[in-house]
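Residue numbers (the numbering used here), protein chains in the order written: chain A, 2 to 451; chain B, 2 to 451.
Virtual Cβ for every residue (Gly too), placed ideally from N, Cα, C.
Have a look at the structure below before the remarks.
Structural data, given as structure tokens:
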């Protein structure tokens with residue numbers, strides 16, 4: 002038989018036991034916080050119709066979407082020889098897998114728009130799938146946790162999302178992180194400042210977005226390829242290199258914009274937001290003029306969280322996107338959201354000893370089969386203990402103890418003669434005998450909790 | 002624009018707010034119980050390799066599997082004109098979506114067999130996808146919650162699973178259910194009894210499995226088509242119609258087998274299990290000789306749970322399957338498992354008022370924007386309240402109250418002049434004023450919890 006056949010699919014992972022418990026711990030902390038913030042849960046199907054999804058994320062992203070073959074005779078009515086791969090695909094596949102959680106949210110809202118009292122605050126934790134080249138830290142199936150506020154233009158929304166980030170990291174007792182913020186309209190002003198506005202603006206954004214990958218040298222070369230003048234490249238470099246507090250950064254940019262006759266409306270919007278909602282209220286915020294966020298749909302404030310000294314990229318990011326729904330509807334759904342990458346958070350935090358669930362005392366019933374008291378077992382489980390049964394009661398006692406030791410049981414209870422239980426503390430080796438009585442459950446409870 | 006374009010895919014559902022909370026309540030009760038039973042969590046990818054999956058579930062089930070189109074130029078190297086749809090599909094699609102949670106478990110175990118201390122007890126709650134004809138109560142994406150014990154032949158495993166079922170329904174305070182049990186080997190003996198052994202046995206199983214759909218008349222016609230003699234049909238009918246307690250049923254069957262010279266080994270195995278582990282220990286058990294469980298891989302005790310007076314089919318089912326892994330491996334993994342259908346449980350229980358999560362007091366801060374104290378909001382959230390912000394502080398107070406009423410807030414706090422908070426109990430209409438001080442958080446806490 003083929004050994005490879007029992008592998009999981011390349012680019013995917015199985016999660017089991019401790020690692021999954023830690024991952025679930027992160028999700029639980031986020032979910033509990035969402036409840037406190039009055040977000041409502043949403044789950045959407047793994048499938049969406051391809052005709053809805055296509056042309057929403059852009060050409061490069063479209064290549065990463067997984068398509069599902071139509072069921073049954075998928076070649077019926079298909080002119081498979083037309084040669085155009087996109088056309089053939091559309092004929093043999095009408096559904097594709099979830100690429101992110103934002104489109105399903107917009108689709109859900111538009112589909113139920115009559116029944117929704119805006120603003121809608123929802124959280125959603127589900128897998129997304131991307132046909133990316135598998136590499137370290139990049140999976141083809143990964144779990145996202147998104148929170149979004151839909152249907153409000155108030156900056157109180159942006160403020161809530163940033164508060165949420167602070168509260169989440171407080172809740173997991175982790176403080177070594179930075180919230181980078183920027184504003185898409187200030188970025189547009191920057192593009193104008195160096196002569197990259199109009200048609201060149203998108204190329205400029207794409208270039209800056211790659212900064213971490215290609216380095217400052219790469220960015221400079223890219224700017225030259227965009228015919229940006231040397232003096233403008235220098236201005237941009239000096240802005241990116243600004244090493245002072247956030248107010249100082251804003252003042253500096255405002256000054257440069259003024260001197261270049263660029264409207265200071267947008268930078269002042271950022272300044273006002275920072276002064277009123279962030280300064281002294283939100284921890285660990287750093288204005289980063291080179292922050293772009295790859296996706297095309299952001300329209301206002303954007304943010305991204307990185308962990309200090311962790312090499313996993315950003316662990317969450319988001320911003321305001323007011324026109325996403327316009328890609329497939331006449332409606333505008335003004336929205337702000339943030340997405341937490343659960344797998345990256347887990348990868349960065351798993352060895353830090355902070356992802357600990359409540360632990361329970363583990364008891365193994367290694368009884369001779371005939372004397373197993375299932376009611377006692379049930380009562381101890383109801384009392385909050387983890388209780389397991391040793392499935393080979395005919396084995397000798399030392400074999401049972403080795404098993405209990407290997408599987409981290411705290412206590413082993415056995416019953417060699419009816420009505421008498423021996424309970425062993427695996428840590429200390431202490432043993433105690435209990436006789437069947439009305440109080441045996443209480444007596445065992447007292448022994449194992451002291 | 003096309004109105005239909007914002008629909009979810011046919012045969013799938015969005016879950017939002019209260020309905021999702023109830024669904025999650027079921028999952029949480031099951032998960033918590035799994036922890037007490039010392040089951041470990043597992044999550045596997047949505048994809049499996051098609052070459053692993055094919056021929057595991059049988060021809061009919063294979064038609065229900067969703068296949069994923071290969072990424073990129075999927076037609077490269079594909080002789081699309083060969084005409085054989087299965088061959089073409091294998092060339093353009095190497096992956097398929099999860100059809101159940103049993104195969105991924107077996108695959109996971111075989112892939113990690115060196116690191117596992119058997120028995121492995123795992124629970125897994127994930128979606129599965131089946132290209133079924135959409136109909137009421139049957140979705141193309143649905144959530145399963147599976148628990149399995151792998152690597153033990155002990156009947157203590159079967160016993161644990163049945164105890165688990167009892168404990169789960171206790172935990173959700175619901176008692177109107179029946180656990181039907183049967184034994185695949187007793188079914189084989191029955192087949193032999195009426196001359197349906199050998200090649201006819203599978204057809205016999207498929208026929209009996211359809212009993213609920215086609216009715217007793219349909220079964221009788223099917224038996225005639227299988228050339229079963231009239232007298233044997235009568236024997237079978239009388240066995241299915243047996244209306245006495247479980248011991249009486251067993252005695253009756255044993256008697257018939259004896260008279261027909263059929264080995265009573267298997268019925269005695271069922272009898273011993275029932276006498277030792279079920280009678281007086283597991284509630285709501287009913288031996289049902291017509292229980293088959295459709296899937297081909299069961300080898301011993303099988304069980305299925307139906308809710309009394311609920312029209313959703315079985316809400317969970319399972320049994321022993323000792324040779325599943327042999328479909329793609331030389332290894333045998335003796336296993337017992339049960340699968341809970343979360344969507345069916347939810348459908349049957351949603352209106353019964355038992356799926357209630359803990360409720361929290363909901364507070365709306367409807368402050369004038371300028372006076373919003375985010376630290377107070379944070380502290381109240383940490384105290385366990387749901388606290389939300391009204392995003393249009395410029396609106397008048399009565400509009401704010403209407404909003405709070407519509408969205409079920411218990412209290413509305415507003416702050417019209419700095420340092421003074423007005424807190425309104427939405428139920429009683431009582432209002433109280435609080436002045437900013439060190440103790441304001443405690444004072445508000447006392448007011449809203451009394």
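Where residue i meets chain A, residues with beta-carbon distance less than 8 Å
i             : result
residue 89/B  : 76
residue 161/B : 390
residue 139/B : In chain order: nothing, as chain A lies at least about 15 Å away.
residue 36/B  : 361, 387
Cβ neighbours of residue i in the same chain (closer than 7 Å, five flanking residues each side left out)
i             : result
residue 385/B : 361
residue 203/A : none
residue 68/B  : 51, 90, 94, 97
residue 140/A : 12, 13, 14, 344
residue 421/B : 434, 436
Where residue i sits in the DSSP three-state scheme
i             : result
residue 66/A  : coil
residue 447/B : helix
residue 3/B   : Confidence at residue 3/B is low in this model, with a pLDDT of 49, below 50, so the placement of that residue should be treated as unreliable; the coordinate-derived value is given next. Three-state DSSP puts residue 3/B in coil, outside helix and strand.
residue 105/A : helix
residue 31/B  : helix
residue 441/B : helix
residue 13/A  : coil
residue 26/A  : helix
residue 206/A : helix
residue 131/B : coil
residue 75/B  : coil
residue 117/A : coil
residue 137/A : coil
residue 53/A  : helix
Beta carbon proximity, residue i to chain B, threshold 7 Å
i             : result
residue 387/A : yes
residue 13/A  : yes
residue 69/A  : yes
residue 332/A : no
residue 380/A : no
residue 416/A : no
residue 142/A : yes
residue 329/A : yes
residue 53/A  : yes
residue 47/A  : yes
residue 348/A : no
residue 132/A : yes
Sequence-distant residues of its chain with Cβ nearer than 6 Å to residue i (five each side left out)
i           : result
residue 2/A : Annotation note: pLDDT 45 at residue 2/A (below 50); position unreliable, coordinate value reported separately. Correct list: empty, nothing qualifies.
Contact set between residue i and chain A, taken where Cβ atoms lie within less than 7 Å
i             : result
residue 155/B : 392, 393
residue 8/B   : 112
residue 94/B  : 70
residue 204/B : Per Cβ cutoff of 7 Å: no residues; residue 204/B is ~25 Å from chain A at best.
residue 186/B : Here the premise fails: no neighbours, minimum Cβ distance about 21 Å.
Proximal chain B residues relative to residue i, where beta-carbon distance stays under 8 Å
i             : result
residue 135/A : The premise fails here: residue 135/A is roughly 12 Å from chain B at the closest Cβ pair, so nothing lies under 8 Å.
residue 57/A  : Those do not exist, as residue 57/A stays about 11 Å from chain B at its closest Cβ, beyond 8 Å.
residue 508/A : The question about residue 508/A has no answer here: the residues shown for chain A are numbered 2 through 451.
residue 158/A : 392
Contacts that residue i makes with chain A (C-beta to C-beta distance below 9 Å)
i             : result
residue 235/B : Simply none; closest approach about 40 Å.
residue 18/B  : 41, 42, 43, 123
Beta carbon proximity, residue i to chain A, threshold 7 Å
i             : result
residue 326/B : no
residue 108/B : yes
residue 86/B  : yes
Contacts around residue i, its chain only, beta-carbon distance under 8 Å, and the 5 residues preceding and following it disregarded
i             : result
residue 236/A : 194, 195, 257
residue 150/A : 120, 121, 122, 158, 161, 162, 336, 337, 338
Contacts that residue i makes with chain B (C-beta to C-beta distance below 7 Å)
i             : result
residue 375/A : 164, 282
residue 399/A : Those do not exist, as residue 399/A stays about 17 Å from chain B at its closest Cβ, beyond 7 Å.
Where residue i meets chain B, residues with beta-carbon distance less than 9 Å
i             : result
residue 168/A : 379, 382, 383
residue 21/A  : 41, 42, 43, 44
Inside the stretch 216-280 of chain B only - alpha helix (DSSP H) runs reaching at least 4 residues: 231-241, 247-260, 266-274
Runs of alpha helix (DSSP H) wholly within the stretch 141-196 of chain A (minimum 4 residues, chain order): 156-172, 185-194
4-residue-minimum alpha helix (DSSP H) runs that sit fully inside the stretch 331-407 of chain A, ordered along the chain: Counting only runs of 4 or more residues that sit fully inside the stretch 331-407 of chain A, the alpha helix (DSSP H) segments are 343-350, 375-383, 398-407, in chain order.
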